[in-house]
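Report on the structure given below.
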Amino acid sequence: MTMITLGETSLPRVGLGTNRLANTSENVAFVRDAVDAGIGLIDTAHTYAGGESEQTIGVAQSDSPAGAIVATKGGYSDARPERLRAEIDESLRRLRTDSIDLYYLHKPDPHVPLEESLGVMKEHRDRGAIRHVGVSNVTRDQVERARETVPIAAVQNHYNLADRASDDVVDYCTDNGIVFVPYFPLRAEGPPAVAEIAQRHGATPAQIAIAWLLRRSPVMLPIPGTLSLEHVQENMAAAGIDLTDAEFEALR
Numbered sequence: 006m007t008m009i010t011l012g013e014t015s016l017p018r019v020g021l022g023t024n025r026l027a028n029t030s031e032n033v034a035f036v037r038d039a040v041d042a043g044i045g046l047i048d049t050a051h052t053y054a055g056g057e058s059e060q061t062i063g064v065a066q067s068d069s070p071a072g073a074i075v076a077t078k079g080g081y082s083d084a085r086p087e088r089l090r091a092e093i094d095e096s097l098r099r100l101r102t103d104s105i106d107l108y109y110l111h112k113p114d115p116h117v118p119l120e121e122s123l124g125v126m127k128e129h130r131d132r133g134a135i136r137h138v139g140v141s142n143v144t145r146d147q148v149e150r151a152r153e154t155v156p157i158a159a160v161q162n163h164y165n166l167a168d169r170a171s172d173d174v175v176d177y178c179t180d181n182g183i184v185f186v187p188y189f190p191l192r193a194e195g196p197p198a199v200a201e202i203a204q205r206h207g208a209t210p211a212q213i214a215i216a217w218l219l220r221r222s223p224v225m226l227p228i229p230g231t232l233s234l235e236h237v238q239e240n241m242a243a244a245g246i247d248l249t250d251a252e253f254e255a256l257r
């Protein structure tokens, strides 16, 4: 599988989204199996499954010496500094760690200056409680503003074959070496050509959608969400599909 670099860490270019990950023994085993299968980035958030997603990942990774990088987010509905500090502390406890690999501002708060929210994340980064900072649900201008406060390692926006409103953000990240993480990468049918191209490659339409994203930019790291190890393996195999120029353009 092709790799991508986040900070100093080299990762496979397909990660795992966990917005439906409830805290069950089956899901703890699933996370461990996904990491064993080669998943290098697990994406979660303070809000996912009412906090159970983070808890499940924390249990799954707590006794694993070589776990995946975990990215989480805070500030979804309230990004005031005092609220963000509380959410970061809670995420640290749930994930059973003293340092979060990648922490995103879940979305800018219209009532709080972006610099104030990110200032809290910079404080935690400076003291080692956060290794890398990201921003989510942002415009290109907001990414530029964010970088004036703290180094930005990753940007996570809604992006897939059918929803390309963030094309300019993808291009900006590509030009500046910032990892772009498209969420809901498979929540779209895409153009009619998907089925035909999938048949040609002996692949599923979902695999073609992932292959298109990976071809779209070298900084792309999609995080399809699933609770199935079979789907994890299928999603990761999409990185081995080489679309021709004509196929890429037909999908574009």
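To convert, count from 1 in the sequence shown and add 5; that's my numbering.
Glycine included, every Cβ here is placed at the ideal spot set by N, Cα and C.
Quantities reported herein were computed from a predicted structural model and do not represent experimental measurements.
{"Query": "In whole angstroms, what separates the C-alpha of Gly-245 from that of Glu-201?", "Result": "18 Å"}
{"Query": "Measure the alpha-carbon distance for Ser-82 versus Thr-249 and round it to whole angstroms.", "Result": "42 Å"}
{"Query": "Assuming the contact rule is C-beta atoms closer than 8 Å, Pro-229 and Leu-191 should be a hit. Round their C-beta distance to whole Å, please.", "Result": "5 Å"}
{"Query": "I need the straight-line Cα distance from Ala-251 to Pro-197, nearest angstrom please.", "Result": "14 Å"}
{"Query": "Could you name each continuous alpha helix (DSSP H) segment of 4 residues or more that falls completely within the stretch 66 to 107, going from the start of the chain to the end?", "Result": "86 to 99"}
{"Query": "Once the 5 residues before and after Met-241 are set aside, which same chain residues still bring their CB inside 8 Å of it?", "Result": "Met-6, Pro-17, Val-19, Ala-42, Gly-43, Ile-44"}
{"Query": "In the DSSP assignment, the alpha helix (DSSP H) including His-129 goes from what residue to what residue?", "Result": "119 to 131"}
{"Query": "Spatial neighbours of Asn-24 within its chain, please: C-beta separation below 6 Å, excluding the five flanking residues on both sides.", "Result": "Tyr-53, Gly-230"}
{"Query": "Report back the beta-carbon spacing between Lys-78 and Ser-15 to the nearest angstrom; my notes put them in contact at under 8 Å.", "Result": "Going by Cβ atoms, the distance from Lys-78 to Ser-15 rounds to 23 Å, so no, they are not a contact pair."}
{"Query": "Contact defined as beta carbons within less than 8 Å: I believe Cys-178 pairs with Phe-189. What is the distance between those atoms, to the nearest angstrom?", "Result": "Rounded, the Cβ-Cβ distance is 17 Å, inconsistent with contact."}
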